[in-house]
Amino acid sequence: MAAGVACGAALAALTVPAAEAAPLGQGSPHWAPKDPGTPQVRFRGLAAVDRHTAWLAGTGGTVLRTTDGGVGWRNVSPPGAADLQFRDVEAFDARHAVVLAIGEGEASRVYRTDDGGATWTESFRNTDPKAFYDCLAFFDRRHGLAMSDPVDGRFRILSTSDGGRSWRLLPSTGMPPALDGEAGFAASGQCLVTSGPKDVWLATGGGAHARVLHSADRGLTWIAADTPVPAGDPAKGVFALAFRDRGHGLAVGGDYRPDQASPQAAAVTADGGRTWAPAATPPPAYRSGAAWLPHSRTAALAVGPTGTDLTTDAGRTWRTIDTGSYDTVDCTPDLSCWAAGEQGRVARLER
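Going from the sequence shown to this note's numbering is simple: count from 1 and add 10.
Encoded structure:
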């Protein structure tokens with residue numbers, strides 16, 4: 011109870027107007043390190059279940075789990091996966107989770123555990139050398155999707171109706187043609203996100219326009235919309251999405267190259283992704299992950315290699331509140347936010 015109250019106070023303090031809020035630091039809401047002791051691993055996959063339980067997925071086939079708020083971490087990596095790059099993890103509780111390995115051909119795989127990572131079952135292995143899977147997303151404990159970069163000119167979608175135990179390829183007839191050079195970014199596990207029982211959005215970059223594709227029928231048919239986030243280069247586009255309901259969403263991204271500027275690196279929608287408007291004051295640099303603060307209609311976080319930004323007006327303006335490097339962020343209904351990134355960095359928002 012005390013931990014929940016403290017974290018709730020921290021999140022509430024973050025939502026005060028910018029003129030009244032202090033930067034993140036000791037004595038104010040701050041990212042408190044929860045060191046898992048794996049400095050060699052970069053964690054781009056994060057699934058926060060609650061303030062006690064979180065799962066991490068990263069390089070070297072690494073999967074970690076905590077059930078005590080990050081005090082201790084258990085290495086629950088699938089055996090024989092050391093050569094794989096895990097970029098997304100979706101967890102339903104402390105025992106049930108699904109992880110995605112990314113890469114060309116058979117490097118793209120999905121594993122599922124039902125016993126907290128003690129054992130894993132490989133439920134999908136890509137056999138098409140033209141496919142490259144980037145992200146997973148679930149609507150509920152049973153229904154989920156995985157997306158691949160375009161194959162034969164269209165994004166490819168896998169579907170599961172048994173919690174990731176088996177997968178089937180959806181027909182491509184409802185998917186609009188991809189732009190030349192268009193792809194997804196396996197940067198934070200947030201290039202494919204859901205809201206409610208049927209709505210799902212897919213973020214893209216690399217083409218002439220950075221787009222967001224929306225499906226209202228669990229991936230059978232899609233409509234594409236341009237965003238104002240810069241694209242036109244393989245390193246540019248929308249890297250992460252966050253929707254607080256089926257209408258209101260955020261898009262963040264930019265140019266991931268550290269020596270390149272990222273103007274207009276955020277956009278907002280209030281109509282389910284049909285139209286997108288640029289943030290009036292975007293984050294100052296590339297951002298790879300985003301999450302709405304729990305139970306808030308206006309506050310959200312964006313993270314990237316150069317810092318964390320906060321919006322308190324539903325994505326119209328952002329301000330930097332921390333300069334630490336994180337790739338992904340996730341918040342939970344019990345008022346908890348977690349972040350993870352390079353050099354084994356993991357943190358939970360505390361006060």
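Note that CB positions come from ideal geometry on N, CA and C, so glycine has one too.
- The alpha-carbon separation between Gly79 and Val356 amounts to approximately 11 Å.
- Pairing Thr316 with Ile167, the inter-Cα distance amounts to about 32 Å.
- Secondary structure note for Ala349: its beta strand (DSSP E) is the uninterrupted segment Ser346 to Ala350.
- Straight-line measurement puts the Cα of Thr63 at about 21 Å from the Cα of Arg254.
- For Ala117, the three-state secondary structure derived from DSSP is helix.
- Pairing Gly127 with Pro88, the inter-Cα distance amounts to about 7 Å.
- Distance from the CA atom of Asp138 to the CA atom of Arg164, rounded to whole angstroms, is 14 Å.
- As computed with DSSP, Thr285 is found in no beta bridge at all.
- The residue from Thr183, Ala111 and Leu212 with its alpha-carbon nearest to that of Gly283 is Leu212.
- A check of alpha carbon separations from Ala276 across Ala301, Arg256 and Pro268 identifies Ala301 as the nearest.
- Shown here, Gly247 sits in a strand according to DSSP, grouped into three states.
- Judged by their CB atoms, His224 and Asp236 are not nearer to each other than the 9 Å cut-off.
- Taking Arg61 as reference, the option from Ser346, Val248 and Asp124 with the minimal CA-CA separation is Ser346.
- A residue is called buried when at least 16 other Cβ atoms come within 10 angstroms of its Cβ; Arg267 does not meet this threshold and is exposed.
- Residue environment analysis places Glu132 among the exposed positions, since fewer than 16 neighbouring C-beta atoms fall within 10 angstroms of its C-beta.
- In the structure shown, Gln353 adopts helical secondary structure according to DSSP, grouped into three states.
- In the same chain as Arg178, and ignoring 5 residues on each side of it, the C-beta atoms closer than 6 Å to its own belong to Ser169, in chain order.
- Under the 10 Å beta carbon count, Pro39 is surrounded by 16 or more other beta carbons and is classified as buried.
- The C-alpha of Glu100 is placed about 6 Å away from the C-alpha of Ala107.
- DSSP links Met157 through a beta bridge to Cys145 and Ile167.
- According to the DSSP assignment, Ser225 belongs to the beta strand (DSSP E) that extends over Arg221 to Ser225.
- Sorting Asp319, Ala324 and Thr318 by C-alpha distance to the C-alpha of Ala309 places Ala324 at the top.
- Taking the Cα positions, Ala188 is about 9 Å away from Ala234.
- Secondary structure at Ser133: strand, using DSSP grouped into helix, strand and coil.
- In this structure, Arg105 is the residue among Arg105, Leu110 and Ala111 with its C-alpha nearest to the C-alpha of Asp125.
- The alpha-carbon separation between Ala261 and Gly184 amounts to approximately 23 Å.
- Under the three-state reduction of DSSP output, Glu192 falls in the coil class, being neither helix nor strand.
- With contacts defined by Cβ atoms closer than 9 Å, Phe134 and Ile112 do not form a contacting pair.
- With contacts defined as CB atoms closer than 9 Å, Asp269 and Arg297 fail to qualify as a contacting pair.
- Looking at the backbone, the Cα of Gly216 and that of Phe195 are separated by about 9 Å.
- Val109 sits close to Ala67, with the two beta carbons spaced by under 9 Å.
- Here Trp348 is actually not in contact with Ala92; their C-beta atoms are around 25 Å apart, not less than 8 Å.
- Of the other Cβ atoms in all chains shown, 16 or more fall within 10 Å of the Cβ of Val86; this residue is therefore buried.
- A check of alpha carbon separations from Gly47 across Val81, Gly55, Thr77 and Ala245 identifies Val81 as the nearest.
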